[in-house]
Every structure is written in C-alpha cells, then in structure tokens.
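See below for the structure under consideration.
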Amino acid sequence: MKFLLDHQMPPRLKLFFHRKGYEAIHDSEIGLETQTDRVIWQYAQLNGLYLVSKDVDFFYLASRDPSGPRFIWVRVGNCSSATLIDAFERLWPQIEAWSVTADPVVEVR
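Take the sequence shown: its position 42, counting from 1, is numbered 41 in numbering that gives the first Met the number 0, and each next residue is one higher.
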C-alpha cells in the first residue's frame, strides 16, 4: 500500500504510515494542494495510491468510479494531529483487512 494524503490531512500523518512500513506522500509535496478533487483522484489512480481525505467529494467519486483509487474516508471531526493518528492506530487492523477486499472505501471514525 502507498498513500496520498490530501491537503486536509496533517503532513505529520505520513509518519504514522512510515512507522507501519508503508510509503506516504502529502499532496503539497507534489504540487497538488491547489488542484481539483478530480485531478487528485486521477493522480492517485494513475500512481496506484490509496487516497486519504476528509473530503466527502472523494466518497462520491468512489461511489461512481469503481475503477478509481482506494479511498480512506476520514470521518473524525476537527481534532489534533495526535487524536487523528490515534484513530488510525486504533483502526489499523480494519484498514489492513479492508486493503484486500473489493470495497473501494473504508471509513476512519
């Protein structure tokens, strides 16, 4: 698994994925932070990346585009980076299990 974090995600979240042994990039590292959702979606798809975002628009794209990238929909409200990382840590077993299913979306709450 390789992850693309959109601009709503704290860059610090990359460290969580790295500690788990996976690659992760933040959209600001590759000049996508001001791009449209469709451009970010296509970039993730073309590069085989799992997209991580709070943006509901990506959920709608995933619902309409089953060939699109896998999507981790972060449903945690406004919170500190530490709280967000704790949510990922708590749900990591489910995220790993989801990664081998056909479901295009998993939620982090």
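All C-beta atoms in this analysis are idealised placements derived from N, C-alpha and C, irrespective of residue type, glycine included.
- With a contact defined as Cβ atoms closer than 8 Å, residue 52 and residue 5 qualify at about 4 Å.
- The C-alpha of residue 63 is placed about 22 Å away from the C-alpha of residue 31.
- Note on geometry: alpha-carbon atoms of residue 83 and residue 75 lie some 7 Å from one another.
- Counting only runs of 3 or more residues that sit fully inside the stretch 35–98, the beta strand (DSSP E) segments are 49–52 and 70–73, in chain order.
- One alpha carbon belongs to residue 100, the other to residue 33, and they sit about 31 Å apart.
- Using a Cβ distance threshold of 8 Å, residue 87 and residue 2 do not count as a contacting pair.
- Ranked by how close their Cα comes to the Cα of residue 103, the residues 73, 66 and 90 have 66 in first place.
- Within the model, the alpha-carbon separation for residue 35 versus residue 25 is close to 15 Å.
- DSSP, read as helix, strand or coil, puts residue 28 in helix.
- By a beta-carbon distance limit of 8 Å, residue 68 contacts residue 40. Their separation comes to about 7 Å.
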